[in-house]
Amino acid sequence: MRLKDRIAIVVGAGQSPGEGMGNGRATALTFAREGARVLCVDHRLESAQETVDMIAAKGGTAAAFRADVTKNAELKAMAEDTLSRWGRIDILHNNVGVSLAGGDAGLLDITEEALERCVAINLKSCIFAAKHVIPIMRKQQSGTIINISSMAAITTYPYVAYKATKAAMIAFTEQLAYQNAEYGIRANVILPGLMNTPMAVDTRAREFNKSRAEVEAERDAKVPLRRKMGTGWDVANAALFLASDEANFITGVTLPVDGGASVRRG
3 MRLKDRIAIV VGAGQSPGEG MGNGRATALT FAREGARVLC VDHRLESAQE TVDMIAAKGG
63 TAAAFRADVT KNAELKAMAE DTLSRWGRID ILHNNVGVSL AGGDAGLLDI TEEALERCVA
123 INLKSCIFAA KHVIPIMRKQ QSGTIINISS MAAITTYPYV AYKATKAAMI AFTEQLAYQN
183 AEYGIRANVI LPGLMNTPMA VDTRAREFNK SRAEVEAERD AKVPLRRKMG TGWDVANAAL
243 FLASDEANFI TGVTLPVDGG ASVRRG
């Protein structure tokens, strides 16, 4: 019960259609298992409710909340709902992002519409979620924010918007950390590498007209550690550590969860 009696918001607690477990859902389940009460936020209420039902089946406490994360007013309502429901906010976990599904492309092919959509989902949502949670955490003199970026931010990646926005998320998290340390608030960012999640694998299978098994095999072969992608549970376990008191003296950190990909050179 490493998060006993904590109040957590997991933005992106539903998941994309496909096989397996997404990072956001795995994190919501992990936080609840460790004693937190979790507001499961997603743009598809039914998917958020599925996560809540999974938590409830294990004896945990959670509620579903629908929000379009590109809308500032809906993120404000999310923070207000959590505060009115449970009286405080201890953890904000931002786990939304799109690349191919948002129309991302290489520089010569990207459209204005796709760029604006990816920026709104990947970066704007993270900034405005923090904007509405930080005043509550400052009043409490405590809190932790965990943002999910991507190894795409610091390695080669072919598509413009995802790389740029995920890199910007690292800089924003560092800013959150140093501007809020005096209030007892910690902020850290996780960089997942190649993960076996519905968003990462099933989306590519659809986009490139391949079988899921083909996409899995191609991605597995690129991972140094055991030639096997990570799972949503790997990201969730890293988030649990950063949210817990075990990470009480850790803020402003960028943590790769990537099976060793970030140490490969050349």
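Per my numbering: the sequence shown = residues 3 to 268.
We put the beta carbon where it would ideally sit given N, CA and C, even for glycine.
Checking 8 Å against the spacing of the C-beta atoms, do residue i and residue j come in under that value?
i: G16; j: T53; result: yes
i: A30; j: V40; result: yes
i: L244; j: N190; result: yes
i: D106; j: Y161; result: yes
i: L77; j: E36; result: no
i: G234; j: K168; result: no
i: I150; j: P200; result: no
i: A58; j: C42; result: no
i: G145; j: I91; result: yes
i: C128; j: G104; result: no
i: L117; j: E209; result: no
Is it buried or exposed, residue i, if we count other Cβ atoms within 10 angstroms and call 16 or more buried?
i: P19; result: exposed
i: S152; result: buried
i: M3; result: exposed
i: Y180; result: exposed
i: N124; result: buried
i: R206; result: buried
i: A238; result: buried
i: T175; result: buried
i: G61; result: exposed
Our contact map puts residue i next to residue j with C-beta atoms below 8 Å; I'd like the distance itself, whole angstroms only.
i: L109; j: I11; result: About 35 Å; that fails the 8 Å criterion.
i: D204; j: R188; result: Rounded, the Cβ-Cβ distance is 33 Å, inconsistent with contact.
i: N97; j: V13; result: 6 Å
i: L47; j: R68; result: 4 Å
i: I147; j: A81; result: 12 Å between Cβ atoms; not a contact.
i: R87; j: A38; result: Wrong, their Cβ atoms sit about 13 Å apart, outside the cutoff.
i: L196; j: K224; result: 6 Å
i: A240; j: L257; result: 6 Å
Where does residue i sit, in a helix, a strand or coil, going by DSSP?
i: I91; result: coil
i: A122; result: helix
i: P160; result: coil
i: G145; result: strand
i: N97; result: coil
i: A275; result: The question about residue 275 has no answer, for the chain in this structure spans 3 to 268.
i: I269; result: A question about residue 269 goes unanswered here, because the residues of the chain that appear run from 3 up to 268.
i: I112; result: coil
Does chain B have any CB closer than 8 Å to the CB of residue i?
i: V255; result: Although the question refers to chain B, the structure presented lacks it and comprises just one protein chain.
- Which runs of the alpha helix (DSSP H) spanning at least 4 residues fall entirely within the region 161 to 236, listed in chain order? Entirely contained in the region 161 to 236, the alpha helix (DSSP H) runs reaching 4 residues are, in chain order, 162 to 182, 205 to 209 and 214 to 222.
- Item | Residue ranges of each beta strand (DSSP E) within the region 16 to 64, 3 or longer | Counting whole runs of 3 or more residues, the region 16 to 64 contains the beta strand (DSSP E) stretches 39 to 44.
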